[in-house]
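K.L.:
Residue numbers (this note's numbering): 6 to 429. Ideal Cβ positions, reconstructed from N, Cα and C, are used throughout, including at glycine.
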Ligand SMILES: *Cc1c(COP(=O)(O)O)cnc(C)c1O
């Protein structure tokens, strides 16, 4: 067993098997540059946060400029321009009908806030609804509440005793969509369901599992029919990943609660927002203090992070981001085509800027050793690609070039021969 001299404990890392040795000294566009000057293509946007590219000049400048006036400011009793302007901007950009913005600092906290908003809504109306419905294979973060609403497995087996109980509807696999809808409707009939919490169009950490917009629209219709709140976790899907700014747009729906984080600052600084309808805010509005929303993080609405997010909104407004995304979608589509008839792969799929394919091996699942083997294979080729078990996916920053993608796809092709065959 190897033991690193560093005291740092890294996330999702088995230190005994995988010493963390690559030290990054700079980021640039689609690349990470290490201490030896090697340029590594960041083909997963540094865990899905970097949208336009690393260190977008306008966002970096907004951060520098904000530090001339701000650090952290308490966000109860006081407010500030970056948070106010950002809230207006988010409401303008989000699906129509969302009216209020609650800030926190990570995707997980945006989900915790959403769950508390939903339960607070019913509690303050004197209604006992408190069940949460989630989708099989869902992922919503790693805090205790967020784990409770996510897929149970090896990731959270040790913490099971602390997780609360939820109702799960099956993933709408092709040909089985009706079962998902029926399961949801059946649960709603019991009149105890407070909210459906769902990742729209793609279940990310659960294996880049994709389903079509019409199903999302149908789930929303059922939720509305039974007075169940609809929470869209767009922490990963937001900011253009699926081809539109938000995935919900493709279904033509407005959720009652919308969680955003990751790309909200273009990936430059941690920030999250939970947007909600006027109805949910109003259920907390009262002369009675016991009905206020009991939630806060120390760093709520950090002004520098809000300034970065505002600059990101300006980038979306001033630059042809959607055009870039369309081009990237097209580049993936072309390169995925030969893999569709390649027997070494199954489930070749794409939603917007996200491309995924499963290496056809006998062992799958997150802990199968094919994942680490693939990672090492890609790392040797200066590619940051982290398969989820045998699921290989690319989710690059939008500034990636066609040459970069050619290199990534060539490596995937080669990996199937070197690692796929050995695994059979
Ligand atoms: C990443 C992610 C989260 C958690 O966000 P963190 O910032 O890592 O806490 C929640 N939901 C989805 C869909 C995610 O992809």
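For residue 351, which residues does DSSP report across the bridge?
P.N.:
Taking the first residue of the chain shown as position 1, residue 351 is located at position 346. In DSSP, residue 351 forms a bridge with 363.
K.L.:
Check whether the Cβ atoms of residue 333 and residue 48 sit closer than 8 angstroms, and answer yes or no.
P.N.:
The count along the chain shown starts at 1 and reaches residue 333 at position 328. The count along the chain shown starts at 1 and reaches residue 48 at position 43. No. Outside cutoff.
K.L.:
For residue 414, which three-state DSSP category applies?
P.N.:
What you label residue 414 is simply residue 409 of the chain shown in a count that begins at 1. Here residue 414 sits in helix by DSSP.
K.L.:
Taking the alpha carbon of residue 215 as the point to measure from, which residue in 142, 295, 98, 10 has its own alpha carbon closest?
P.N.:
As a position in the chain shown, residue 215 is number 210, starting the count at 1. That would be 142, whose Cα lies nearest to the Cα of residue 215.
K.L.:
Buried or exposed: residue 355, going by 16 or more other Cβ atoms within 10 Å of its Cβ?
P.N.:
By one-based count along the chain shown, residue 355 stands at place 350. So residue 355 ends up on the buried side.
K.L.:
Going by C-alpha to C-alpha distance, which of 27, 18, 54 sits closest to residue 43?
P.N.:
Within the chain shown, numbered from 1, the residue matching residue 43 stands at position 38. Checking every option, the nearest Cα to that of residue 43 belongs to 27.
K.L.:
Which residue wins for smallest C-alpha separation from residue 392, given the options 46, 146, 362?
P.N.:
Translated into positions along the chain shown, residue 392 becomes position 387. Ranking the options by Cα distance to residue 392, first place goes to 362.
K.L.:
For the 8 angstroms Cβ check, are there 3 or more pairs between the stretch 197-211 and the stretch 232-240?
P.N.:
The answer is yes - the stretch 232-240 touches the stretch 197-211, with three or more Cβ pairs under 8 angstroms.
K.L.:
Quick check: does the Cβ of residue 144 come within less than 7 angstroms of any heavy atom belonging to ligand 1?
P.N.:
Position 139 of the chain shown, counting from 1, holds the residue named residue 144. Result yes, Cβ under 7 angstroms from ligand 1.
K.L.:
Which ranges would you report for the beta strand (DSSP E) in the stretch 181-243 if only whole runs of at least 3 residues count?
P.N.:
198-203, 234-238
K.L.:
Three-state secondary structure (DSSP) at residue 79?
P.N.:
Position 74 of the chain shown, counted from the first residue, corresponds to residue 79. Of the three classes helix, strand and coil, the one that applies to residue 79 here is coil, per DSSP.
K.L.:
To the nearest angstrom, report how far apart residue 412 and residue 268 are at their CA atoms.
P.N.:
Here residue 412 is taken as the residue at index 407 of the chain shown, counted from 1. Here residue 268 is taken as the residue at index 263 of the chain shown, counted from 1. Residue 412 and residue 268: Cα-Cα distance of roughly 25 angstroms.
K.L.:
State the DSSP-derived secondary structure class of residue 107, mapped to helix, strand or coil.
P.N.:
In the chain shown, counting from the first residue as 1, residue 107 sits at position 102. Looking at residue 107 - three-state DSSP - the assignment turns out to be strand.
K.L.:
Under 8 angstroms between the Cβ atoms of residue 144 and residue 211?
P.N.:
In the chain shown, the residue the question calls residue 144 occupies position 139. In the chain shown, the residue the question calls residue 211 occupies position 206. Closer than 8 angstroms, so yes.
K.L.:
Determine the direct distance from the alpha carbon of residue 16 to that of residue 418, and round the result to whole angstroms.
P.N.:
Along the chain shown, read from residue 1 onward, the residue named residue 418 stands at position 413. Along the chain shown, read from residue 1 onward, the residue named residue 16 stands at position 11. Going by the C-alpha atoms only, they are around 29 angstroms apart.
K.L.:
Pairs of beta-carbons, one from the stretch 105-124 and one from the stretch 158-172, closer than 8 angstroms: are there three or more?
P.N.:
no
K.L.:
Between which residues of its own chain and residue 219 is the CB-CB distance below 8 angstroms, once the five residues before and five after are set aside?
P.N.:
Counted from its first residue, the chain shown places residue 219 at position 214. Taken in chain order, the residues that qualify are 256.
K.L.:
Go through the stretch 280-310 residue by residue and report every complete run of the alpha helix (DSSP H) that reaches 4 residues or more, in order.
P.N.:
283-287
K.L.:
Shortest alpha-carbon distance to residue 149 belongs to which of 125, 173, 118?
P.N.:
Position 144 of the chain shown, counted from the start, is the residue given in the question as residue 149. It is 118 whose Cα lies nearest to the Cα of residue 149.
K.L.:
Closer than 8 angstroms, CB to CB, is residue 289 near chain C or not?
P.N.:
Protein chains in the displayed structure number just one, and chain C is not present.
K.L.:
Look at the alpha carbon of residue 388 and the alpha carbon of residue 288, and state the distance between them as a whole number of angstroms.
P.N.:
As a first step, residue 388 must be located in the chain shown, where it is residue number 383. As a first step, residue 288 must be located in the chain shown, where it is residue number 283. Straight-line Cα distance between these residues: approximately 49 angstroms.
K.L.:
Please classify residue 35: does DSSP put it in a helix, a strand, or coil?
P.N.:
For this step, residue 35 is matched to residue 30 along the chain shown. In this structure, residue 35 counts as coil in the three-state DSSP scheme.
K.L.:
Give the DSSP-derived three-state secondary structure of residue 96 in the structure shown.
P.N.:
Within the chain shown, the letter at position 91 stands for residue 96. Residue 96 falls in the helix class under three-state DSSP.
K.L.:
Under the assumption that residue 277 contacts residue 94 (Cβ atoms under 8 angstroms), give the Cβ distance between them as a whole number of angstroms.
P.N.:
Translated into positions along the chain shown, residue 277 becomes position 272. Translated into positions along the chain shown, residue 94 becomes position 89. Actually they do not touch by this definition, with Cβ atoms about 15 angstroms apart.
K.L.:
Do residue 116 and residue 151 have their C-beta atoms closer together than 8 angstroms?
P.N.:
Along the chain shown, one-based indexing puts residue 116 at 111. Along the chain shown, one-based indexing puts residue 151 at 146. Yes, Cβ-Cβ distance for residue 116 and residue 151 is below 8 angstroms.
K.L.:
Leaving aside the five residues before and after residue 307 along the sequence, list all residues of the same chain whose C-beta is less than 6 angstroms from its C-beta, in chain order.
P.N.:
Position 302 of the chain shown, counting from 1, holds the residue named residue 307. The answer, listed in chain order, is 77.
K.L.:
Would you mind reading off the limits of the beta strand (DSSP E) that contains residue 3?
P.N.:
Not covered by the structure: residue 3. The range shown for the chain is 6 to 429.
K.L.:
For residue 59, which beta-bridge partners are listed by DSSP?
P.N.:
As a working mapping, residue 59 is identified with position 54 in the chain shown. Beta-bridge pairing links residue 59 to 34.
K.L.:
With DSSP run on the structure shown, which of helix, strand or coil describes residue 270?
P.N.:
Within the chain shown, residue 270 is the residue found at index 265, counting from 1. Helix.
K.L.:
From what residue to what residue does the beta strand (DSSP E) around residue 397 run?
P.N.:
Numbered from its first residue, the chain shown carries residue 397 at position 392. Residue 397 -> beta strand (DSSP E) spans 396-399.
K.L.:
So residue 337 and residue 360 are supposed to be a Cβ contact under 8 angstroms. How far apart are they, rounded?
P.N.:
Numbered from 1 along the chain shown, position 332 holds the residue referred to as residue 337. Numbered from 1 along the chain shown, position 355 holds the residue referred to as residue 360. Confirmed, Cβ separation roughly 4 angstroms.
K.L.:
Using the rule of at least 16 other Cβ atoms within 10 Å of the residue's Cβ for burial, across every protein chain shown, is residue 409 buried or exposed?
P.N.:
Walking along the chain shown from the start, residue 409 turns up at place 404. That one is buried.
K.L.:
Let's see if you can read the secondary structure: which residues bound the alpha helix (DSSP H) around residue 22?
P.N.:
Within the chain shown, residue 22 is the residue found at index 17, counting from 1. That residue, residue 22, is in no alpha helix (DSSP H); it is neither H nor E in DSSP.
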